[in-house]
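This report concerns only the one structure given below.
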Amino acid sequence: MHRLAGCLALLSAAAAAAEPAPARRAELVELVRQDCGSCHGLTLKGGLGPSLEPAAMAGKDAEQLEFVILHGRRGTPMPPWRGFLTEDEARWIVEQLKRGLPK
Amino acid sequence: MKRLFVFVLLLAGCATPTLRGTGDLGVVIERAAGRVMLVETTKRTAIGRVAGLGDLSHASIVFSRDARYAYVFGRDGGLTKVDILAARIERRVIQSGNAIGGAISQDGRLVVAANYTPGGIRIFDAGTLELLSEVPTGSKVVGIADAPGNRFVFSLFEAGEIWIVDASDPRKPSTTRLPGIGKQPYDGFVTPDGRHYIAGLYGEDGLALVDLWHPERGARRVLAGYGRGEEPLPVFKMPHLRGWAAAGRYLFLPAIGRHEVLVLDRVDWTEAARIPVRGQPVFAVAQPGGRRVWVNFALPHNDAVQVIDVDAMKVVKDLRPGRAVLHLEFTPRGEQAWISSRDDNAVAVYDTASYAELARLPAENPSGIFLTSRSAMTGF
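From first to last, the protein sequence lines stand for chains X and H. Just so you know, the first sequence maps onto residues 1 to 103 in the numbering used here. Just so you know, the second sequence maps onto residues 104 to 483 in the numbering used here.
Shown next, in the form of structure tokens:
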């Protein structure tokens, strides 16, 4: 029982750590808008790359989207962003895209 | 007599503030604000702003042949005709869902928008912005440029084709399709003499070359296999190609996935050199006169601009104009370089002889810089 509680505590600590700090969040939003935006459009409605609006994200598997962000997509111009983003940050970006990127 | 005198005074009073040329004017995109800044390169100042232009991510501009009007192509499909002397919108239409750029015809009568969604081009009357005709492509249109004979040339990203549209009869344009030109053309340009169209390929190493004097000969590959089979480096921003690649007999072209500028000899179409640079080149722009080529870069090297000496074929200067350098443009005779720094909210003006910073104009997230001298240039 003790062990389970400890494990739960660790898990929730990990979950808390997964959320980027507010200042970093603002940077991430800016990165998505400006740098992802150079192919996906500043409003994310698509360009050379597909739309990243919530309607386009709906029904897409979150883990797969994280993987594409971090590792890119072969055969397309989508590059791997792992040098700029941690896994937690990629996960947070996917969450934001699914619900609409904050202003 | 007295009345005439008053009349003359009145006339002078009305006319004086509006009389000026446009030869030293330009337009800077303030992309997040949906606005353009009008600039003047003699005193290096902003002379006005025009708002209400919609989504200007990846916006581009062509100028009317009298260099008075700027046609602004927005990402949201907006096509706006801006009167740069009066600093106001003359006309505006939403012409598609998702545009990438445009071109103006040799005779200045037609403006053409290139679209991603739905893929194709739309041909407009440059005076009224009335839609005259369209050419659907079923594929994203990239690298549109005008060519002599009121033709427009562009590439299709998914289809891997180059199309040449003759719009001499603008309501009934005729199209020549060149299929199989290579994988994923990402941009293309017409050489300053209007003779050759070159498309850069993302999906393979090389570029596709078309002799517009002989389109029946089709496209040929140049700089094939420049990557030498090595795994390409990631490309965090697509390079942009235009006639500014030309410096004398050479074309300076960004490699894809290599931190190099490739030099193509346009006499025999062979590789003349490859120049190592700081990062993935985005714009490689020859200074008018062709003595030097200035290069900016994709993330994470987008704070740098490097200058290549064309004689020595190597980098001779490293500049740091600001954070997120998005574009650079020279004054017509090349004495100034205007460089936009998106994240420093500034346009920096450099003296190209001394590399001294001459001015720094505040601008909100500036991207493209377009000077009116483009109005006289084929392929712009």
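Built from N, CA and C at the ideal position, the CB exists for glycine as well. Since we're looking at a predicted model, the values are computed, not measured.
CB-CB under 8 Å to G252 (chain H), same chain, minus the five flanking residues each way: which ones, in chain order?
Position 149 of the second sequence, counted from the first residue, corresponds to residue 252 (chain H). Closer than 8 Å at Cβ, skipping near neighbours: Q209, D269, S271.
Using the Cβ count rule (16 or more neighbours within 10 Å means buried), how would you classify I224 (chain H)?
Within the second sequence, residue 224 (chain H) is the residue found at index 121, counting from 1. Buried, by the Cβ-count rule.
Look up A456 (chain H) in the DSSP assignment and say whether it is helix, strand or coil.
Numbered from its first residue, the second sequence carries residue 456 (chain H) at position 353. Reduced to three states, the DSSP call for A456 (chain H) is coil.
Please name the residue or residues paired with V450 (chain H) in a DSSP beta bridge.
Here residue 450 (chain H) refers to the residue found at position 347 when the second sequence is read from its first residue. Answer is H:S443, H:L464.
For L105 (chain X) and chain H, any beta-carbon pair shorter than 8 Å?
Any question about residue 105 (chain X) goes unanswered here, given that chain X covers just 1 to 103.
Taking only beta-carbon atoms, is L42 (chain X) less than 8 Å away from chain H?
Position 42 of the first sequence, counted from the first residue, corresponds to residue 42 (chain X). Yes - at least one Cβ of chain H is within 8 Å of the one on L42 (chain X).
Given N468 (chain H) as reference, the closest of H:D249, H:Y219, H:R134 once Cα atoms are compared
Counting from 1 along the second sequence, the entry for residue 468 (chain H) is found at position 365. For N468 (chain H), the nearest C-alpha among the options comes from H:R134.
Applying a beta-carbon distance threshold of less than 8 Å, which residues of chain H neighbour P80 (chain X)?
By one-based count along the first sequence, residue 80 (chain X) stands at place 80. Close to P80 (chain X), with beta-carbon spacing below 8 Å, are these residues of chain H in chain order: P337.
Close-in-space but distant-in-sequence residues of the same chain around R195 (chain H) (CB under 6 Å, 5 per side omitted)
Here residue 195 (chain H) corresponds to residue number 92 of the second sequence, with the count starting at 1. So the list reads T183, once near-sequence residues are dropped.
Any beta-carbon of chain H closer than 8 Å to the one on G59 (chain X)?
Translated into positions along the first sequence, residue 59 (chain X) becomes position 59. So, not an interface residue.
Under the rule that 16 or more other beta-carbon atoms within 10 Å means buried, what is L11 (chain X), buried or exposed?
Walking along the first sequence from the start, residue 11 (chain X) turns up at place 11. With a pLDDT of 47 at L11 (chain X), under the threshold of 50, the predicted position of this residue should be treated as unreliable, and no value is reported.
Given that G37 (chain X) touches chain H, what residues does it touch there, using C-beta distances under 8 Å?
Looking up residue 37 (chain X) in the first sequence gives position 37. Under the 8 Å cutoff, chain H gives S160.
At least one CB of chain H closer than 8 Å to the CB of G100 (chain X): is that the case?
Against the first sequence, residue 100 (chain X) aligns to sequence position 100. Taking Cβ atoms only, chain H never reaches closer than 8 Å to G100 (chain X), which makes this a no.
Apart from the five residues just before and just after S51 (chain X), which ones in its own chain have a Cβ nearer than 6 Å to its Cβ?
As a first step, residue 51 (chain X) must be located in the first sequence, where it is residue number 51. Once the five neighbours on either side are set aside, the close Cβ partners of S51 (chain X) are K45.
Assumed close pair R369 (chain H), L354 (chain H) - CB separation to whole angstroms, cut-off 8 Å:
Here residue 369 (chain H) refers to the residue found at position 266 when the second sequence is read from its first residue. Here residue 354 (chain H) refers to the residue found at position 251 when the second sequence is read from its first residue. Sure, about 6 Å apart at Cβ, within 8 Å.
So which residues on chain X does N399 (chain H) lean against when the C-beta distance must stay under 9 Å?
Residue 399 (chain H) sits at position 296 when you count from the first residue of the second sequence. Correct list: empty, because the minimum Cβ distance to chain X is about 13 Å.
Alpha carbon of A55 (chain X) to alpha carbon of I93 (chain X), nearest angstrom
For the purposes of this step, residue 55 (chain X) is taken as the residue at position 55 of the first sequence. For the purposes of this step, residue 93 (chain X) is taken as the residue at position 93 of the first sequence. Approximately 15 Å, taken between the alpha carbons.
What's the gap between the Cα of P239 (chain H) and the Cα of A23 (chain X)?
The sequence position of residue 239 (chain H) within the second sequence is 136, counting from 1. The sequence position of residue 23 (chain X) within the first sequence is 23, counting from 1. One C-alpha to the other measures close to 45 Å.
In terms of residues, what are the limits of the alpha helix (DSSP H) holding V68 (chain X)?
Position 68 of the first sequence holds residue 68 (chain X). Start and end: 62-71.
How many whole angstroms separate the CB atoms of L326 (chain H) and L367 (chain H), which I take to be in contact at a CB cut-off of 8 Å?
Numbered from its first residue, the second sequence carries residue 326 (chain H) at position 223. Numbered from its first residue, the second sequence carries residue 367 (chain H) at position 264. Yes, they are in contact, since the Cβ atoms of L326 (chain H) and L367 (chain H) sit about 6 Å apart, within 8 Å.
Take A115 (chain H) and list the residues in its own chain whose beta-carbon comes closer than 7 Å to its own, dropping the five residues that flank it on each side.
Along the second sequence, one-based indexing puts residue 115 (chain H) at 12. Confidence at A115 (chain H) is low in this model, with a pLDDT of 49, below 50, so the placement of that residue is unreliable and no value is reported for it.
What's the C-alpha gap between V62 (chain X) and G200 (chain H)?
Residue mapping note: residue 62 (chain X) aligns to position 62 of the first sequence, counting from 1. Residue mapping note: residue 200 (chain H) aligns to position 97 of the second sequence, counting from 1. Inspection of the sequence shows that residue 62 (chain X) is occupied by Ala rather than by Val. Between A62 (chain X) and G200 (chain H), the C-alpha separation is close to 27 Å.
When we look at the beta-carbon of K243 (chain H) and count the other beta-carbons within 10 Å, is it buried (16 or more) or exposed?
Along the second sequence, read from residue 1 onward, the residue named residue 243 (chain H) stands at position 140. K243 (chain H) comes out buried.
Are V408 (chain H) and V380 (chain H) closer than 8 Å when you measure CB to CB?
By one-based count along the second sequence, residue 408 (chain H) stands at place 305. By one-based count along the second sequence, residue 380 (chain H) stands at place 277. No; because the gap between Cβ atoms is not below 8 Å, this pair is not in contact.
Close Cβ partners of T220 (chain H) (< 6 Å) along its chain, the five nearest in sequence each way excluded
Along the second sequence, one-based indexing puts residue 220 (chain H) at 117. Excluding positions up to five away in sequence, the list reads G200, N201.
For chain H, check one thing: does any of its Cβ atoms lie closer than 8 Å to the Cβ of Q96 (chain X)?
Taking the first residue of the first sequence as 1, we reach residue 96 (chain X) at position 96. Not one chain H Cβ lies under 8 Å of Q96 (chain X).
Based on DSSP bridge pairs, tell me the residues matched to Q409 (chain H).
Position 306 of the second sequence, counting from 1, holds the residue named residue 409 (chain H). Bridge partners of Q409 (chain H): H:V398, H:D421.
When you compare only the Cα positions, how much space is there between G37 (chain X) and G309 (chain H)?
Translated into positions along the first sequence, residue 37 (chain X) becomes position 37. Translated into positions along the second sequence, residue 309 (chain H) becomes position 206. Cα-Cα distance, rounded: 26 Å.
Contacting positions in the region 200-223 of chain H - beta carbon closer than 9 Å to chain X:
G200, N201, I203, Y219, T220
For F257 (chain H), decide whether its Cβ has a neighbour in chain X, counting only Cβ atoms nearer than 8 Å.
Sequence index remark: in the second sequence, residue 257 (chain H) carries index 154 (1-based). Judged by the 8 Å Cβ criterion, F257 (chain H) is not in contact with chain X.
Quick check: what's the CA-CA separation for A401 (chain H) versus R168 (chain H)?
Locating residue 401 (chain H) in the second sequence gives position 298, where the first residue counts as 1. Locating residue 168 (chain H) in the second sequence gives position 65, where the first residue counts as 1. Cα to Cα, the separation comes out at about 33 Å.
What separation, rounded to the nearest whole angstrom, lies between the Cα atoms of G155 (chain H) and G137 (chain H)?
Here residue 155 (chain H) is taken as the residue at index 52 of the second sequence, counted from 1. Here residue 137 (chain H) is taken as the residue at index 34 of the second sequence, counted from 1. Approximately 6 Å between the Cα atoms of the pair.
Please confirm whether A206 (chain H) and F166 (chain H) have their CB atoms less than 8 Å apart.
The count along the second sequence starts at 1 and reaches residue 206 (chain H) at position 103. The count along the second sequence starts at 1 and reaches residue 166 (chain H) at position 63. Using a Cβ distance threshold of 8 Å, A206 (chain H) and F166 (chain H) do not count as a contacting pair.
Between the region 415-430 of chain H and the region 446-456 of chain H, do at least 3 Cβ pairs fall closer than 8 Å?
Counting C-beta pairs with one atom in each stretch, the region 415-430 of chain H and the region 446-456 of chain H have three or more that are closer than 8 Å, which means they touch.
If you run the structure through DSSP and keep just helix, strand and coil, what is S478 (chain H)?
Indexing the second sequence from 1 puts residue 478 (chain H) at position 375. Residue state, collapsed to three classes: helix.
Contained beta strand (DSSP E) runs [length at least 3] in the region 188-249 of chain H, N- to C-terminal order:
List check, beta strand (DSSP E) in window: 191-197, 201-207, 213-220, 223-228, 234-239.
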